[in-house]
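2 protein chains.
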Amino acid sequence: MSALSHLTPHQTTVFNLLKTLESEVSAQTLYAELRAQKHRLGLATVYRALKHLQLQGVVQARSLPNGEAVYSLVSEEKHYVTCVKCGTSVPLEHCPIDEQTMPQAVAPHFKIFYHTLEFFGLCSPCLEQETVT
Amino acid sequence: MSALSHLTPHQTTVFNLLKTLESEVSAQTLYAELRAQKHRLGLATVYRALKHLQLQGVVQARSLPNGEAVYSLVSEEKHYVTCVKCGTSVPLEHCPIDEQTMPQAVAPHFKIFYHTLEFFGLCSPCLEQETVT
DNA sequence: ACTAAAATGATAATCATTATCTTAATCACT
DNA sequence: AGTGATTAAGATAATGATTATCATTTTAGT
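Chains as they are written, first to last, in this note's numbering: chain G, 1 to 133; chain P, 134 to 266.
What follows is the structure, encoded as structure tokens:
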């Protein structure tokens, strides 16, 4: 990974908090957590910091079906199975992408930072509801 | 694919339009197109129809970074490379998922309808902007 | 210290989606 | 066909995350 361009104190704060978290979080949650830790920054700054870190290739984002985005470090290689009915999202342990074909699959003129892989379907409870109904 | 449960006329209309489209479309676009075709239905009905078709496993959804969702038939096996800066989304021709490991990768108690695979990074123009700046 | 550029805060604006609630259509059964 | 119950639909308000705006503060380089 190339060196990060200079980060402002606030950007560093956001980055550091992300490093301590095990799972993805929304910008709103990050903001609430930082405020709870007595950091004085605005919500817009959190969004801007996340955008900046994304452009640096160190933070990744995933859009949930409910419209909110969740963020995590790029190093967190996690994929998910998501229920299209209730929205439950379960992480996968292993990435089933063929390592050989992956590099060729991406367009030649893109610099790739990360990828997301998600399976969608029905979780057991929702599946039962559907078949019963 | 199991038989679809009964579809209402409006649900059928939405489904049929999706069948004629080559690329993914948002609910808003579907609504505008249907209205342009003199169909009399409400926006909420389009959203409800899409939700219903999703639960049937025949329509898939993908959330874009800007927060809107785009829909397409499940049969459209397309994956994308998306620029984290400008949002440009380019389809891949080939799915690089290892067919062998895929079934084992999904959680045992999920009924899987489809999957999405996306690569994120910077497209050429945006990459140049970043390195220049 | 000084000026230009970048970052920040506060808040308004945007916009897709969902909820609500009333009305209309459909269905099962007699 | 009639009736009551269930489901679908329409219209629109409400929600909520994200972005835009703009005035102010901070930073970097000279």
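C-beta atoms are modelled at their ideal positions from N, C-alpha and C, and glycine is treated no differently.
beta-carbon residue i near the ligand ADP non-hydrogen atom, thresh 8 Å
i                  : result
Leu-176 of chain P : This structure simply doesn't include the ligand ADP, nor any ligand for that matter.
Test: residue i CB closer than 9 Å to a CB of chain G
i                  : result
Glu-251 of chain P : yes
Phe-243 of chain P : yes
Gly-220 of chain P : no
Arg-248 of chain P : For the sequence presented, residue 248 of chain P should be read as His rather than Arg. Answer yes: the Cβ-Cβ gap between His-248 of chain P and chain G drops below 9 Å somewhere.
Ala-194 of chain P : yes
Ser-156 of chain P : no
Ser-257 of chain P : yes
His-143 of chain P : no
Val-214 of chain P : yes
Ala-182 of chain P : no
Val-217 of chain P : yes
Contact under 9 Å by Cβ, residue i with residue j
i                  : j                  : result
Leu-137 of chain P : Val-191 of chain P : yes
Gly-254 of chain P : Ala-69 of chain G  : no
Ala-135 of chain G : Val-207 of chain P : Outside the displayed span of chain G (1 to 133) sits residue 135 of chain G, for which this structure offers no information.
Thr-13 of chain G  : Leu-34 of chain G  : yes
Tyr-164 of chain P : Leu-174 of chain P : yes
Lys-51 of chain G  : Leu-260 of chain P : no
Ile-230 of chain P : Pro-96 of chain G  : yes
Glu-22 of chain G  : Tyr-80 of chain G  : no
Leu-53 of chain G  : Gln-11 of chain G  : yes
His-227 of chain P : Ala-105 of chain G : yes
Ser-63 of chain G  : Ser-196 of chain P : yes
Residue i at chain P interface by Cβ criterion, 9 Å
i                  : result
Ala-27 of chain G  : no
Ser-36 of chain G  : Residue identity differs from the one stated: residue 36 of chain G is Ala in this sequence, not Ser. Chain P, which has no Cβ nearer than 9 Å to the Cβ of Ala-36 of chain G, makes this no.
Thr-101 of chain G : yes
Val-58 of chain G  : no
Ala-107 of chain G : yes
Leu-4 of chain G   : no
Gly-42 of chain G  : no
His-39 of chain G  : no
Glu-33 of chain G  : no
Val-90 of chain G  : yes
Leu-7 of chain G   : no
Glu-68 of chain G  : yes
Leu-127 of chain G : yes
Leu-18 of chain G  : no
Cross-strand partners of residue i (DSSP beta bridge)
i                  : result
Gly-254 of chain P : G:Ile-112 and P:Cys-216
Leu-92 of chain G  : G:His-79
Ala-202 of chain P : P:Ser-196
message: Quick check for students: name the residue ranges of the alpha helix (DSSP H) that lie wholly in the stretch 4-61 of chain G, counting only runs of 4 or more.
response: 9-20, 27-36 and 43-55
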